[in-house]
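13 is the number that our numbering gives to position 12 of the sequence shown; each next residue is one higher, with no gaps.
All C-beta atoms, glycine included, are put in the ideal place defined by N, C-alpha and C.
What follows is one structure encoded as structure tokens, with my remarks underneath.
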Amino acid sequence: MVRIRVLVVDDHRIFAESLAAALAAEPDVDVSAAGSGPAALRCLDRAAAEGRRFDVLLVDADLGAHVHAPGARPAAVPVAVSDGGEDGLVDGISLVAGVRSGQPSVRTVVLAEKDDPRRAALALQAGASGWVAKDCSLSRLLTVIRGVLRDETHLPPALLTGVLRELTAARKHRTESERLVESLTPREREVLRCMVAGLGRKAVAERLFLSPHTVRTHMQNVLGKLGVHSTLAAVALARRAGVGPVDLAGDVVERGGQLA
């Protein structure tokens, strides 16, 4: 029997443990649970290193929005839920995107308390294969789990029209953003990529061997051509256009070990 390895990620401990226990009762399902995004990423990395990758990730759409009560652990549970520790919060959509980038073979399904076409569209864009209501039946959830492993995409019928509308609007915004970015000179695009990476004027000047005054002029030109009034807005537009950050990984060099 081919077994399906499922990881439940939800910071509502009782829900996560109950769902994990219900899935574990299926003869062809192995299930684990994590109580935060960072804990989920650790589970995924550990499983990959041990050669037993997860097949499906079930992610809470509101991951990170709940507040844990200190010591709120049930006395006896069938499946332990790993906590995130103190390494920060990762929301559900960001977790989906991170898993899609790092372990593309893992299928992700978002579990939501309410239908939300905009967030469902964002989840699909991030790489999710499905959006399912938390109050759906176990048989429905199992159908979705098995379906996404066949490369199917699952959405509630009531969400289809709204999600398609959101995806169409996002594609339009992306096209407009791409057109604006294309109006930049090669140097201005380089500066924009530095801005996307979060570099300030001085850091950009050092990296590109320019004076801070010249960088300031380039940044002003970038904002003007993109039709925005702040660096934050320019970065958001750049990301919509598919502009990634400049690579900083190889920038630890002789200059005092500092990032250029």
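Compute the minimum distance between the beta carbon of Arg-194 and the heavy atoms of the ligand SAH, and state whether it is under 7 Å. Within the structure as shown, the ligand SAH is missing, as the structure has no ligands at all.
Cβ neighbours of Asp-11 in the same chain (closer than 6 Å, five flanking residues each side left out): Ala-17, Asp-61
Only counting the same chain, and skipping five residues up and downstream in sequence, which positions put a Cβ closer than 6 Å to that of Gly-243? none
Alpha carbon to alpha carbon, how far is Ala-159 from Asp-117? 10 Å
Using the C-alpha atoms, what's the distance from Thr-169 back to Thr-186? 29 Å
Among all the DSSP beta bridges, which residues are the ones paired with Ser-304? Summary: the structure shown does not reach residue 304, with the chain confined to residues 2 through 261, and so no result is reported for it.
Sort Ala-234, Leu-165, Val-164, Lys-135 by Cα distance to Met-196 and report the nearest one. Ala-234
Between the C-alpha atoms of Gly-262 and Thr-154, what's the straight-line distance to the nearest angstrom? For the chain, the structure presents residues 2 to 261; residue 262 sits outside this window and is missing.
If you reduce the DSSP assignment to three classes, tell me which class His-13 lands in. coil
Is Val-133 closer than 8 Å to Val-97 when the C-beta atoms are compared? no
Straight-line CA distance for Glu-179 to Ala-239? 8 Å
Member of Ala-26, Ala-129, Ser-140, Leu-161 whose CA lies at the smallest distance from the CA of Gln-104: Ala-129
Under a three-way DSSP split, which group does Asp-248 fall into? coil
If we call anything under 8 Å between Cβ atoms a contact, is Val-57 one with Ile-146? yes
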